[in-house]
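Following: one structure in structure tokens, then a few remarks.
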Amino acid sequence: MKTRIEKFSDPRISRHLTTLVCGILATSCATNLKRAAGTFAEATTSGLATFRPISTTAYDICTMRAESAFLKQRVSGEKPWGSPPKRSEYFADKSSGPVPEVTWQDYCGEIHKTVAGLTMIYSGLTSYANALKRLAGAASVSGKALKAVGADAQTLAAKLLPANAPASTGAGEMLTAFQTAAPSIANLASIVEGIIAEEEIQKSIMASDAAIQILLTQLLNYSKAVRNEALALQSDTRVLLNWMDAKMGNPGPLEAVQYSVYAQQAEKTVRDEITLQDTYTNAVSALRSAHSAMRKAAESPSTEKEVLALVMARAQTVEDAVKDIQVIASAKWSGK
Numbered sequence: 011m012k013t014r015i016e017k018f019s020d021p022r023i024s025r026h027l028t029t030l031v032c033g034i035l036a037t038s039c040a041t042n043l044k045r046a047a048g049t050f051a052e053a054t055t056s057g058l059a060t061f062r063p064i065s066t067t068a069y070d071i072c073t074m075r076a077e078s079a080f081l082k083q084r085v086s087g088e089k090p091w092g093s094p095p096k097r098s099e100y101f102a103d104k105s106s107g108p109v110p111e112v113t114w115q116d117y118c119g120e121i122h123k124t125v126a127g128l129t130m131i132y133s134g135l136t137s138y139a140n141a142l143k144r145l146a147g148a149a150s151v152s153g154k155a156l157k158a159v160g161a162d163a164q165t166l167a168a169k170l171l172p173a174n175a176p177a178s179t180g181a182g183e184m185l186t187a188f189q190t191a192a193p194s195i196a197n198l199a200s201i202v203e204g205i206i207a208e209e210e211i212q213k214s215i216m217a218s219d220a221a222i223q224i225l226l227t228q229l230l231n232y233s234k235a236v237r238n239e240a241l242a243l244q245s246d247t248r249v250l251l252n253w254m255d256a257k258m259g260n261p262g263p264l265e266a267v268q269y270s271v272y273a274q275q276a277e278k279t280v281r282d283e284i285t286l287q288d289t290y291t292n293a294v295s296a297l298r299s300a301h302s303a304m305r306k307a308a309e310s311p312s313t314e315k316e317v318l319a320l321v322m323a324r325a326q327t328v329e330d331a332v333k334d335i336q337v338i339a340s341a342k343w344s345g346k
């Protein structure tokens with residue numbers, strides 16, 4: 011027995027066994043990591059394809075806030091019907107805007123500009139996901155498309171100055187989210203063009219994780235800002251509805267029905283917007299968690315099985331979010 015222990019304690023044999031075990035783990039990890047990467051990529055592309063339409067709701071929410079504010083001042087008697095600013099002048103009137111000396115027109119305009127930036131973040135993440143798909147399928151990878159998106163993002167970020175959207179406002183937070191994300195799109199383009207093109211899955215995931223985490227985190231920050239705008243609209247809507255109820259006195263049957271229908275539509279619109287953002291946040295958080303887990307697996311091959319299971323679970327979260335968002339969006343667009 012002693013002889014056997016000494017035999018297997020031979021440093022040369024020990025090194026050989028270590029190399030053999032690590033080689034097996036590395037091969038296994040590469041296989042499982044590719045499966046995890048493919049799953050992550052599929053979840054990302056299908057998710058973002060569904061999320062793109064709801065990104066434009068930020069501007070819609072802003073214009074609804076402006077409409078609500080206009081009606082509130084009329085119904086409350088603060089600025090009676092027919093007094094200035096009139097409806098045609100209201101959006102461009104600085105005394106009526108959401109921020110001192112800033113009109114609703116300019117404020118909502120700043121939010122509208124961020125949609126282009128958000129689209130670039132989506133394009134960057136989608137290009138990265140497509141590169142991972144090709145890498146997981148042993149296909150060649152190109153970073154040209156993503157490099158162009160990265161350059162455009164940097165240019166747009168430099169132009170978007172929140173002059174009409176102070177940092178503390180929802181519009182300012184949306185602009186900040188994109189401006190923070192823009193450099194990471196360019197960084198990701200370099201990674202895709204370099205390391206990922208070398209078809210080394212482990213190095214690719216480790217190198218790209220920092221940029222991916224920044225992009226997904228800024229999507230969460232953007233969504234939080236949109237949600238805050240929706241909450242502000244919800245508060246405005248409730249105040250407006252309460253004032254309308256008080257001012258109507260004893261309405262006739264037709265007026266009562268019209269008020270009820272308006273109230274239901276207004277409350278449902280706000281509720282759906284908040285639900286959309288909550289669902290979106292869960293999905294983006296799942297993607298962030300999944301990519302972080304892949305990076306850890308790339309660094310530590312012994313965890314590949316657990317990571318594959320985690321990524322698949324997170325992908326299911328995204329799939330469920332996609333279904334929920336499609337249901338809400340479908341009802342919204344059909345007017346139900």
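In this note's numbering, the protein residues as written are 11 to 346.
Using N, Cα and C, we set each Cβ at its ideal position, and we do this for glycine too.
{"query": "Assumed close pair Ile211, His301 - CB separation to whole angstroms, cut-off 8 Å", "result": "Wrong, their Cβ atoms sit about 13 Å apart, outside the cutoff."}
{"query": "One or two residues paired with Val109 in a DSSP bridge", "result": "Val112"}
{"query": "Test item: CB-CB of Gln244 and Val271 under 7 Å", "result": "no"}
{"query": "Start-to-end residues for the alpha helix (DSSP H) that takes in Ala102", "result": "Unbroken run through Ala102: none, as it is neither H nor E."}
{"query": "Separation of Arg62 from Ala191, as counted between CA atoms", "result": "17 Å"}
{"query": "First and last residue of the uninterrupted alpha helix (DSSP H) at Pro193", "result": "180-203"}
{"query": "Three or more C-beta pairs below 8 Å linking the stretch 40-59 and the stretch 328-340", "result": "yes"}
{"query": "Backbone secondary structure at Pro95 - three-state DSSP", "result": "coil"}
{"query": "From Val332, Ala163, Ser106, Val202, residue whose alpha carbon lies closest to that of Ala139", "result": "Val202"}
{"query": "CB-CB length for Val321 against Ala51, believed under 8 Å", "result": "10 Å between Cβ atoms; not a contact."}
{"query": "Exposed unless 16 or more other CB atoms sit within 10 angstroms - verdict on Met258", "result": "exposed"}
{"query": "Residue from Leu318, Thr285, Leu297, Gly48 with nearest C-alpha to Ala141", "result": "Gly48"}
{"query": "Three-state class that DSSP yields for Gly127 in the structure shown", "result": "helix"}
{"query": "Proximal residues to Met304 (C-beta, below 7 Å), its chain only, five neighbours per side dropped", "result": "Leu43, Ala46, Ala47, Phe50, Ile215, Val317, Val321"}
{"query": "Contact belief for Leu81 with Leu250 at Cβ below 8 Å, rounded distance in angstroms", "result": "6 Å"}
{"query": "Extent of the continuous alpha helix (DSSP H) run through Glu277", "result": "263-309"}
{"query": "Contacts around Tyr290, its chain only, beta-carbon distance under 8 Å, and the 5 residues preceding and following it disregarded", "result": "Phe61, Ile64, Ser233, Ala331, Ile335"}
{"query": "Own chain partners of Leu97 with C-beta closer than 8 Å, once the 5 adjacent residues on each side are dropped", "result": "A small correction: the amino acid at residue 97 is Arg; Leu does not occupy that position in the sequence shown. Phe80."}
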